[in-house]
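Colleague: First the structure, then my questions, so here it is.
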Amino acid sequence: MQYQADISYEENKASFYENNQNMTVPEFHTREISSTTYVKNLFRNPTSRSLSYLKNIFPVIDWFPHYPTNLNWMLSDFITGVTVAIVLVPQSMSYAKLATLSPEFGLYSAFIGAMFYFLFATSREICIGPVAVLSQEVGKIVTRVQGKYPGLYSNEEIATTLALISGGIVLGIGLLKLGFIVELLSLPAILAFTTGSAFNIVAGQLAGLFGFSKKAGKHKSTCETTIAFLKHLPDTEVDVAFGLTGLVILYIWQFTCEYYLKKYKSDAKKRIAITYILNLRTAFVIIISTCISFGVLRYRPHSKKAPYSIIGDIPSGLKHVGRFVPPPGLAKHIASELPISTIVLVLEHISISKSFARINGYRVNPNQEFIAIGVTNMVGTFFGAYPVTGSFSRTALSAKCGVKTPLKALITGCSVLLSIYCFTNGFYYIPNATLCAIIIHCVAGLLASYKLTTKLYMFSPVDFIIFITGVFITVFATIEDGIYFALCASAAQLLWRLCLPNGAFLGRVKVATLENPILVPAGLKTSSENSTSENGSVTSINKTPFNESTKQALNPPTSYVYKWVPLPKEPNNPSKVHTRFINGNINVEKPPSGVLVYRMSESFVYSNCSLQIDQIIAKVRADYKPHNDNRERLWCEYTYAESNWKENWKHLKMGNFRKFFNKEIKDLEDANAGDDVSYDGNESDEYIQNRKRIEDSRPVFKILHLDFSQVVAVDATSVQALLDLQMTIDHFVGPQWEMHFSGIINPWITRALINAGFGAKRVDVTKIENSYLKRNLQNGWFEKLPTPSFLNRYLKSSTGSIDLEDTEFTDKADVFPGDLEVGFAEDNRPLPLYSTDYPNIHFDIPSYSGYD
1 MQYQADISYE ENKASFYENN QNMTVPEFHT REISSTTYVK NLFRNPTSRS LSYLKNIFPV
61 IDWFPHYPTN LNWMLSDFIT GVTVAIVLVP QSMSYAKLAT LSPEFGLYSA FIGAMFYFLF
121 ATSREICIGP VAVLSQEVGK IVTRVQGKYP GLYSNEEIAT TLALISGGIV LGIGLLKLGF
181 IVELLSLPAI LAFTTGSAFN IVAGQLAGLF GFSKKAGKHK STCETTIAFL KHLPDTEVDV
241 AFGLTGLVIL YIWQFTCEYY LKKYKSDAKK RIAITYILNL RTAFVIIIST CISFGVLRYR
301 PHSKKAPYSI IGDIPSGLKH VGRFVPPPGL AKHIASELPI STIVLVLEHI SISKSFARIN
361 GYRVNPNQEF IAIGVTNMVG TFFGAYPVTG SFSRTALSAK CGVKTPLKAL ITGCSVLLSI
421 YCFTNGFYYI PNATLCAIII HCVAGLLASY KLTTKLYMFS PVDFIIFITG VFITVFATIE
481 DGIYFALCAS AAQLLWRLCL PNGAFLGRVK VATLENPILV PAGLKTSSEN STSENGSVTS
541 INKTPFNEST KQALNPPTSY VYKWVPLPKE PNNPSKVHTR FINGNINVEK PPSGVLVYRM
601 SESFVYSNCS LQIDQIIAKV RADYKPHNDN RERLWCEYTY AESNWKENWK HLKMGNFRKF
661 FNKEIKDLED ANAGDDVSYD GNESDEYIQN RKRIEDSRPV FKILHLDFSQ VVAVDATSVQ
721 ALLDLQMTID HFVGPQWEMH FSGIINPWIT RALINAGFGA KRVDVTKIEN SYLKRNLQNG
781 WFEKLPTPSF LNRYLKSSTG SIDLEDTEFT DKADVFPGDL EVGFAEDNRP LPLYSTDYPN
841 IHFDIPSYSG YD
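So that you can map any letter, position 392 of the sequence shown is 392 in the UniProt record's numbering, and since no number is skipped, the others follow by simple counting.
In C-alpha cells:
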C-alpha cells in the first residue's frame, strides 16, 4: 500500500534526522541579481542575435527548401489555393462595396494580401484579404471624412491612406517585438466585436438585398439601419429575386452538406469530397446568377440602365499601380480614426491565427504576424489596395481543405490575378443583390452561437456580462463604442483583480496518500464506522463483507505531511466566492501558537499592497499579546460588539458631569486616580479587567510567514509596505519576532527583500556586550551588516577588539540557526536549496511543528 511506503519513508526520515543532527553541510552563497546582469543578458551575443532576428523576419527561409521533397504539400496547397480563390473573388468584390469602393479595389486588395503573406507567415491556414468587419469600418471612416470634407478627397485616397498609416503602425509593433500587447484583447472583447459587427453588417445589407439601398440610406447604429429597412419594405425592387433566391440556395446547400458531414463522420474520403462541395456554394451562386443576368441583359446596351442593380464595368488588369502619395492634410484628418482601424486590423487576424495554430499543433508568433499584416498593407498601397487582414471564413476553408504550408497564399494570389485580367467582362453582369446575399451568408457565421454564449457564462459570469453589454452597445450605438467598451471593461476587470487581491490566512491540514481506496456514496458510513458481526467479520453499513486486504486498506494511515490551506472559519479570509477551500469535514488546524501564515495573491505591487498589509496588522492586533500590557488602547481597536452599555450609562449620570465643574471633587479624584475606585465609588471597572485578562491570554507573536508562491513581482511601494509592517508589529508586540518568506519565483523579488533587510535572522542588538560593535550596529554605520552567525558569537561574550574586515569568518564552521532545507547531489551529498546567508527565505512553508 502507498501509505505503508510513506510510513517507511517517515521512519527513515526520522532516523536520518536523529543520526545526523549538526551534520556538516557546505555553505551556499548566491550572487544577488543586478541591473548590470539584466543589461548584459539583454545585449548578449549581439551579432548572432541580430542575424537571427533578420532571418526570423522571413520564416520562409526555413521551410521552403524542404518543399520540393514533399510532393503531397504541393498537391494540397494547389487545391487549397484555387479553392480559396474561388471564394475570395466574389467576397472581395462584395466587401469592397462595404468599404464604399468600386469592386476592382476589392480584387486588388485580395491579390496583394494573398501574394505577399507567405513570405512572412507563421500560420499556414490564414488567408489575408478583404474582410467584412474591416471593410465595414473602412466604409464608415470614408463616410465620416467625406461628411466633414466633402469633395476634398476621393474614397480610394482615404482608404489607401488608411492602409498605409495603419499598416506602418502594425509593422512597427512587430519589428519592435511588442506583439504581446495583443494579449490585452480578451475573448469577451473579441466576441463582442465580431458578433456586434456581424449584426451591423447584416442589417446594412438587407436594403441592398431587397433593392432599395439608396432609399434606405446609411445610418450610424444597427438599430437605426434596421428601422430604415422596415420602413422602406414597400419599395422592394426586382433585385430581391436574385438576393433571396441566392441566400436560400446558400443555406440549403450549407445545411445539406453539414448533414452529410455528420452522417459520414468516419469516412474520410467522403468527408473531403463533401467539404470541397460545401465550399463551392458561393462560386456556384455567383456563376448561376451571373448567367441569368447575362441572359436578361445580353442585348441591352450598357448605356441603358438595367432593371436591377449590377456591378457594372470593371477595368481589366492592374490599373492603379504606382507610388502612392497621400494628399496633403489627409493624414491629419483621419488621425482620430487610426486607433479603431488598427485594433480592427489585428483583432480578428491574431485571434484566428492563434486559434487554428492551437488546434493543429503548432505555434504562431504574434510579432511575425504583425510584420506580415504591416508589410502586406504597405505594399498594397502601390496597387491601390485598402486595409486587409485575416479572414475567419477563408481560414476555416483552408483548414478543411488540408492546407500544408503558407505557400497556398501565393497560389491564391496568382488565381485572383488571373481573374483580374481574364474575367472582368463577366463580372459586369453580377447582380449586387447576389453580392449582398453572399455577404449576409458569410457574416452570419461570425455571430456567437447560443452554445458559446452559455459556455462563456459558465467559464466567467463577468466576461459574459462584458460580452452581452458590448454587443448591445455595438447594436444600439456604434461599432467603435462597442469595441472601446469591451476593451475598457476587460482592462477594468484586470485592474479590479490587481487592486483587490484575495490573500488568505492559512492553516495546516494533515495529508496522506492512499493507493486505490474504496469509494462509497457520500450518504454511507465510512470504514471507521463499520460494524462487527457475530462471527467477528467486519461488515459495512450495507452488509458487504470485507476481506483482509480490504480491512488493511481501510485502516487510517499513520503517515502524513502538513499542507497549508486557507482557514475556512477565518473572518478575515475571502469567501468561497473568491477562494477555494477543501472538504469542509476535514480538520484544518490553526498554525502553532505564535505563528501566522499569510498567502499573497496576484502581484504584490503598489495597487494592492496596502490592503493586504492592513489585513495582517489587524490580525496581529486582534490575536496576539502586546508587549506592553498597560498600554493605552487605541480608539480604532474598539468594536461595537464590545460595547458595555450598562457601564457607559453609569458614567453618563449627572453626578459625573458635576465633577467636571466641582473643583474640589475633581481634585480629590485626581489625587485618588491610582486607586482602584470608579467614578461613583464602586468597585473597579469589570469591563477593563476582562479586556486585560483577554489580552493576557493571547499568545506571544513569534513568526509571520508570507507565502509568495502566487506573487510574480514586487515594487518599491510594496517593499516599503513590508518595512512599515515590520515597524508596526514591532511597536505592538516588540522586536522579538521574525518574518519568513517562501515560494519566491522571481529573483528580483529576492533581491528586493534582501536589500530591504529581510531574509536573515533578527539579532537582539541590546544583548551584545561589545560596545564598539553595538554602537556601530545601532547607528547603522556598517556598509553591509555582518551575518547573524558572526553576531551570535558576541552575544554576552566577547568584549575585545574586533576586526570588522573579517566579519564573515569564512574559515570557521558555524551552526545554522534553525532547520535547513537541503537537496541531494548525485553522490547523495546534502546541499542547501537556497542561500545559507538568508535562513528566513524558504523553499516551501515549513510545518512549524517545533512551535506546537
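Glycine included, every Cβ here is placed at the ideal spot set by N, Cα and C.
So, helix, strand or coil for Phe-758, using DSSP?
Modeller: coil
Colleague: When DSSP labels each residue in this structure, what does Thr-342 get in the three-state scheme?
Modeller: helix
Colleague: Keeping to the same chain, check which residues put their C-beta closer than 7 Å to that of Val-403; ignore five residues upstream and five downstream.
Modeller: Ser-76, Asp-77, Thr-80, Arg-124 and Glu-125
Colleague: Considering only heavy atoms of the ligand PLP, does any lie closer than 7 Å to the CB of Cys-499?
Modeller: Within the structure as shown, the ligand PLP is missing, as the structure has no ligands at all.
Colleague: Just the C-alpha distance for Arg-144 and Asp-267, rounded to the nearest angstrom, thanks.
Modeller: Distance between the alpha carbons of Arg-144 and Asp-267 is about 52 Å.
Colleague: Report back the beta-carbon spacing between Phe-294 and Tyr-429 to the nearest angstrom; my notes put them in contact at under 8 Å.
Modeller: For a cut-off of 8 Å, the C-beta gap from Phe-294 to Tyr-429 is around 5 Å, short enough to register as a contact.
Colleague: Quick one: residues in its chain with C-beta nearer than 8 Å to the C-beta of Lys-265, no 5 flanking neighbours on either side, listed in chain order?
Modeller: Once the five neighbours on either side are set aside, the close Cβ partners of Lys-265 are Arg-271.
Colleague: In angstroms with no decimal places, state the Cα-to-Cα distance between Ile-314 and Glu-104.
Modeller: 6 Å
Colleague: Use the C-beta contact count for Pro-406: other C-beta atoms within 10 angstroms, 16 or more gives buried, fewer gives exposed.
Modeller: buried
Colleague: In whole angstroms, give me the CA-to-CA distance for Thr-195 and Ile-61.
Modeller: If you draw a straight line from the Cα of Thr-195 to the Cα of Ile-61, it is about 38 Å long.
Colleague: On the criterion of 16 or more Cβ atoms from any shown chain inside 10 Å, does Leu-42 qualify as buried, or is it exposed?
Modeller: exposed
Colleague: Select from Val-379, Cys-499, Val-443 and Phe-370 the residue whose C-alpha is nearest the C-alpha of Lys-164.
Modeller: Per the sequence presented here, residue 164 reads as Leu, with Lys not at that position. When each option's Cα is compared against that of Leu-164, the closest is Val-379.
Colleague: Can you name, in chain order, every residue of its own chain whose Cβ lies under 6 Å from the Cβ of His-825, other than the five neighbours on each side?
Modeller: His is not the amino acid found at residue 825; the sequence shown has Ala there. If we look at Ala-825 and ignore the five residues flanking it on each side, its Cβ neighbours are Leu-831.
Colleague: Between Asn-682 and Pro-626, what straight-line distance do the alpha-carbon atoms span, to the nearest angstrom?
Modeller: Interpretation of Asn-682 is limited by its pLDDT of 43, a score under 50 that renders its predicted location unreliable; the figure taken from the coordinates is listed afterwards. Taking the straight line from one Cα to the other gives about 29 Å.
Colleague: Note down the Cα distance separating His-320 from Phe-383, rounded to an integer number of angstroms.
Modeller: 5 Å
Colleague: Expressed to the nearest angstrom, what Euclidean distance is found between the alpha-carbon atoms of Asn-45 and Asn-56?
Modeller: Spanning the two alpha carbons is a distance of roughly 16 Å.
Colleague: According to DSSP, is Ala-504 part of a helix, a strand, or is it coil?
Modeller: strand
Colleague: Ordered along the chain, which non-local residues of its own chain (more than five positions away) have a Cβ less than 8 Å from that of Ala-331?
Modeller: Thr-161 and Ile-165
Colleague: Measuring straight from C-alpha to C-alpha, what distance separates Ile-112 and Trp-63?
Modeller: 22 Å
Colleague: Rounded to whole angstroms, what's the CA-CA distance from Glu-348 to Ser-391? Just pull it up for me.
Modeller: 7 Å
Colleague: Which class does Trp-748 belong to by DSSP, given the choice of helix, strand or coil?
Modeller: helix
Colleague: Roughly how many whole angstroms lie between the Cα atoms of Arg-762 and His-740?
Modeller: 11 Å
Colleague: If you count every other CB in all the chains shown that lies within 10 Å of the CB of Trp-496, and 16 or more means buried, which is it?
Modeller: exposed
Colleague: Between which two residues does the alpha helix (DSSP H) containing Gly-823 stretch?
Modeller: Counting along the chain, Gly-823 falls outside any alpha helix (DSSP H), though it belongs to the beta strand (DSSP E) covering 822-824.
Colleague: Determine the contact status of Phe-604 and Ser-742, defining contact as a CB-CB distance below 8 Å.
Modeller: no
Colleague: Considering only DSSP beta bridges, list what Ser-50 is partnered with.
Modeller: BP columns for Ser-50 are empty, so no partner.
Colleague: For Glu-738, report the span of its beta strand (DSSP E) as first-last.
Modeller: 738-742
Colleague: Quick one, are the C-beta atoms of Pro-327 and Tyr-153 less than 8 Å apart?
Modeller: yes
Colleague: Given a cut-off of 8 Å, decide if Ile-311 and Asn-432 are closer than it, judged by their beta-carbon atoms.
Modeller: yes
Colleague: Can you tell me where the beta strand (DSSP E) holding Lys-563 begins and where it ends?
Modeller: 561-566
Colleague: Can you round the beta-carbon distance between Gln-493 and Val-471 to whole angstroms, since I take them to be within the 8 Å contact cut?
Modeller: Rounded, the Cβ-Cβ distance is 17 Å, inconsistent with contact.
Colleague: In three-state DSSP terms, what is Pro-571?
Modeller: coil
Colleague: Can you grab the Cα-Cα spacing for the pair Glu-805 / Ala-504, in whole Å?
Modeller: For Glu-805, the pLDDT reaches just 43, beneath the cut-off of 50, and the residue's location in the model is therefore unreliable, although a value from the coordinates is still provided. Answer to the nearest angstrom: the Cα atoms are 44 Å apart.
Colleague: Do Ser-221 and Ala-477 come within 8 Å of each other at the CB atom, strictly closer than that value?
Modeller: yes
Colleague: If you count every other CB in all the chains shown that lies within 10 Å of the CB of Leu-51, and 16 or more means buried, which is it?
Modeller: exposed
Colleague: Would you mind reading off the limits of the alpha helix (DSSP H) that contains His-627?
Modeller: Element bounds for His-627: n/a, residue is neither H nor E.
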